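S.K.: In our numbering, the protein residues as written are 53 to 404.
In this text, a Cβ means the ideal position worked out from N, Cα and C, and glycines have one as well.
Keep in mind it's a predicted model, so treat the numbers as computed, not measured.
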Amino acid sequence: MLSTQIEIFKGFLEVEERSPHTVRQYLDILEWFQEFLLENSIQFEYLKENDIIKFQLWLKEKRMIKKFVRNFGRNPSKQELEDYTKENSGLSGKSVYKYLTTIKKFLEVNERQLNWTRIPSPKFNDNFNPDVLTIDNIVQIADTASKYCTFQHKAVSEADCCSCRKYPAPKSTRATQHKTYPNICFYFDGLKLKSMIIMAYEAALRTDELCNLKLKHLDLKKKEVFIEKPLKHSQPQAIPISDKLCKVLKNYLDNYKYLKKGEDILFPTKTGKKYHPNNFATHVFRPVAKAAGYDVRYYTLRHSRATNLLKQGLDIGWVRRITRHRNINNVLKYIHLSSQDIREELEKRDIL
53 MLSTQIEIFK
63 GFLEVEERSP
73 HTVRQYLDIL
83 EWFQEFLLEN
93 SIQFEYLKEN
103 DIIKFQLWLK
113 EKRMIKKFVR
123 NFGRNPSKQE
133 LEDYTKENSG
143 LSGKSVYKYL
153 TTIKKFLEVN
163 ERQLNWTRIP
173 SPKFNDNFNP
183 DVLTIDNIVQ
193 IADTASKYCT
203 FQHKAVSEAD
213 CCSCRKYPAP
223 KSTRATQHKT
233 YPNICFYFDG
243 LKLKSMIIMA
253 YEAALRTDEL
263 CNLKLKHLDL
273 KKKEVFIEKP
283 LKHSQPQAIP
293 ISDKLCKVLK
303 NYLDNYKYLK
313 KGEDILFPTK
323 TGKKYHPNNF
333 ATHVFRPVAK
343 AAGYDVRYYT
353 LRHSRATNLL
363 KQGLDIGWVR
373 RITRHRNINN
383 VLKYIHLSSQ
393 DIREELEKRD
403 IL
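(1) If Asp-306 and Lys-266 are in contact, beta carbons under 8 Å, what's the gap, nearest whole angstrom?
(2) Looking at the unbroken alpha helix (DSSP H) that takes in Val-300, where does it start and where does it end?
(3) Classify Val-121 as buried or exposed, calling it buried when 16 or more other Cβ atoms lie within 10 Å of its own Cβ.
(4) Relative to the C-alpha of Glu-163, which residue among Leu-262, Thr-169, Phe-96 and Arg-338 is closest?
(5) Which first and last residues belong to the alpha helix (DSSP H) in which Ile-155 is found?
(6) Taking just the CA atoms, how far does Ile-171 sit from Asn-39?
(7) Excluding the 5 residues flanking Phe-88 on each side, which residues of the same chain have their C-beta closer than 7 Å to its C-beta?
(8) Here's the rule I'm using: 16 or more other beta-carbon atoms within 10 Å means buried, otherwise exposed. How should Asn-382 be labelled?
(9) Whole-angstrom Cβ separation of Val-407 and Ala-197, contact assumed at under 8 Å?
(10) Determine the direct distance from the alpha carbon of Val-148 to that of Ile-60, and round the result to whole angstroms.
(11) Are the Cβ atoms of Ile-436 and Leu-257 separated by less than 9 Å?
(12) According to DSSP, simplified to helix, strand and coil, what is His-388?
(13) Which same chain residues end up closer than 7 Å to Glu-276 when comparing Cβ atoms and leaving out the 5 residues on each side of it in sequence?
(14) Note down the Cα distance separating Ala-255 from Val-184, rounded to an integer number of angstroms.
(15) Taking C-alpha atoms, which residue in Tyr-351, His-377 and Leu-361 lies nearest to Leu-389?
(16) Drop a sphere of 10 angstroms on the beta-carbon of Asp-241, count the other beta-carbons inside from all chains shown, and report buried for 16 or more, exposed for fewer.
(17) State the Cα-Cα distance for the pair Glu-22 and Lys-281, rounded to the nearest angstrom.
(18) In whole angstroms, what separates the C-alpha of Phe-64 from that of Val-371?
(19) Determine, using beta carbons only, whether Thr-259 and Phe-332 come nearer to each other than 9 Å.
(20) Shortest alpha-carbon distance to Ser-71 belongs to which of Phe-337, Gln-165 and Asn-330?
(21) Is the distance from the Cβ of Lys-244 to the Cβ of Tyr-308 below 9 Å?
(22) Go ahead and label Glu-160 buried or exposed: buried means 16 or more other beta carbons lie within 10 angstroms of its beta carbon, across all protein chains shown.
(23) State buried or exposed for Asn-92, treating a residue as buried only when at least 16 other CB atoms are found within 10 Å of its CB.
(24) Excluding the five sequence neighbours on either side, which residues of its own chain have a C-beta within less than 6 Å of the C-beta of Glu-69, listed in chain order?
(25) With a cut-off of 8 Å on the beta carbons, I'd call Lys-156 and Trp-168 a contact; round off their distance for me.
(26) Around the Cβ of Asn-189, are there at least 16 other Cβ atoms within 10 angstroms (buried) or fewer (exposed)?
(27) Helix or strand or just coil, what does DSSP make of Asp-241?
(28) Where does Asp-271 fall in DSSP's three states?
(29) What residue range does the beta strand (DSSP E) around Ile-279 cover?
(30) Would you mind stating whether Leu-297 and Ser-356 have Cβ atoms separated by less than 9 Å?
(31) To the nearest angstrom, report how far apart Lys-206 and Tyr-200 are at their CA atoms.
(32) Looking at the structure shown, is Cys-213 part of a helix, part of a strand, or coil, going by DSSP?
(33) Going by Cα to Cα distance, which pick from Leu-90, His-73, Thr-74 and Asp-212 is closest to Ser-55?
(34) Buried or exposed for Thr-375, please, with buried defined as at least 16 other CB atoms from any protein chain shown within 10 angstroms of its CB.
(35) What residue range is occupied by the uninterrupted alpha helix (DSSP H) comprising Ala-194?
(36) With a cut-off of 8 Å on the beta carbons, I'd call Ile-193 and Ile-249 a contact; round off their distance for me.
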């Protein structure tokens, strides 16, 4: 039914260079949407705002039925489904929102316009991680990353690393001299992780933006990093970086001599490929942050950057440029000011 439109959307995703995992998620969502249209005999050309509202209700019911079948091995009756829905939590508002944003993008690519202001968005608590890290906290996480071993899953000293069974003892002096990777271990990549974390914080990078950075995007002379393909439809933009980060990056490039061409991934994995955004956030950054004593998610870096810039006196319009949001209202979701922050600001201005 939607085969032509889905092929057009797949072509759009290829141009956007979305990861295979993201493409698969989009296509799975479109399969649900296509099933909904077929069941309700709705033609794509005559799709209306009310149909999207019905899709939300249909989606929640279908997910609840699927959950019931998984637990009991049979389809529920109407009464059983009602009772089961009251006792169990269904599809979260955040998940429904993800479905709707995918459908919205799908319709835009296929030039099918709807008035989305007439479609109520699902309510959910998007303040998933209200903790805001200070600059000292970020430095502590970055320093932990510089000593972190991805095999032992902890910060290690050089002596600990050399005593590990994964440590590759050099076969000869000549072999040691020709090494182009760090001298300690395959699993010890501290300088790169430190560079990535500080870069992610200062430039308020999303995970995709961080993992897609190439050597040509970094200009140490101008002290800036260029975001060629920002997400959320914002324009390409150069973000200034600090002298401290420039020194860390220069040290990193001096040690990783295999980065020569402009098209080379700036922060590659050991196999020379780019990190998968979700893998880096979940299996690299979060364990490092926990080792430093902070149980936070990757996006805390971006939220913390926006909040700290505002607390340091930067106008919210400039904060929007750094976080690369098209709408200034979206920046407000990234600002987490405590009552103590408000008190300090009022006292500074002699208002209290």
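M.R.: Taking the structure as given:
(1) In fact, because the Cβ distance is near 18 Å, the residues do not count as touching under 8 Å.
(2) Start and end: 295–307.
(3) The C-beta of Val-121 has fewer than 16 other C-beta atoms within 10 Å across all chains shown, which makes the residue exposed.
(4) Nearest option by C-alpha distance: Phe-96.
(5) According to the DSSP assignment, Ile-155 belongs to the alpha helix (DSSP H) that extends over 145–161.
(6) An answer regarding residue 39 cannot be provided, because it is not within the stretch 53 to 404 covered by the chain.
(7) In chain order, Phe-107 and Trp-110 place their CB closer than 7 Å to the CB of Phe-88, counting only its own chain and leaving out the 5 sequence neighbours on each side.
(8) Only exposed fits Asn-382, as fewer than 16 other CB atoms lie within 10 angstroms of its CB.
(9) What the structure shows of the chain is the stretch from 53 to 404, and residue 407 is not part of that stretch, so it cannot be assessed.
(10) Roughly 24 Å separates the two Cα atoms.
(11) Examination of residue 436 is not possible in this model, given that the chain is present from 53 through 404 alone.
(12) Coil.
(13) Cβ neighbours of Glu-276 beyond the five flanking positions: Ala-290, Ile-291, Pro-292 and Ile-293.
(14) The alpha-carbon atoms of Ala-255 and Val-184 are separated by roughly 16 Å.
(15) Leu-389 has its Cα closest to that of Leu-361, out of Tyr-351, His-377 and Leu-361.
(16) Only buried fits Asp-241, as 16 or more other CB atoms lie within 10 angstroms of its CB.
(17) This structure does not reach residue 22, given that the chain is present from 53 up to 404, and the question cannot be answered.
(18) Going from the Cα of Phe-64 to the Cα of Val-371 covers about 30 Å.
(19) For Thr-259 and Phe-332, yes; Cβs fall inside 9 Å.
(20) Looking only at Phe-337, Gln-165 and Asn-330, the smallest Cα-Cα distance to Ser-71 is reached by Asn-330.
(21) Here Lys-244 is near Tyr-308, since their CB atoms are less than 9 Å apart.
(22) Glu-160 comes out exposed.
(23) By the 10 Å Cβ count, Asn-92 comes out exposed.
(24) Result list for Glu-69: empty, nothing under 6 Å.
(25) Contact holds; Cβ gap of about 6 Å.
(26) Residue environment analysis places Asn-189 among the buried positions, since at least 16 neighbouring C-beta atoms fall within 10 angstroms of its C-beta.
(27) Residue state, collapsed to three classes: coil.
(28) If DSSP states are grouped into helix, strand and coil, Asp-271 belongs with the strands.
(29) For Ile-279, the uninterrupted beta strand (DSSP E) run begins and ends at 276–279, by DSSP.
(30) Contact flag unset, no.
(31) Linking Lys-206 to Tyr-200 through their CA atoms gives a straight-line distance of about 5 Å.
(32) Three-state DSSP puts Cys-213 in a helix.
(33) Among Leu-90, His-73, Thr-74 and Asp-212, the Cα nearest to that of Ser-55 is on Leu-90.
(34) With 16 or more other Cβ atoms within 10 Å, it is buried.
(35) Residues 187–197.
(36) Indeed they touch by this definition, with Cβ atoms about 6 Å apart.
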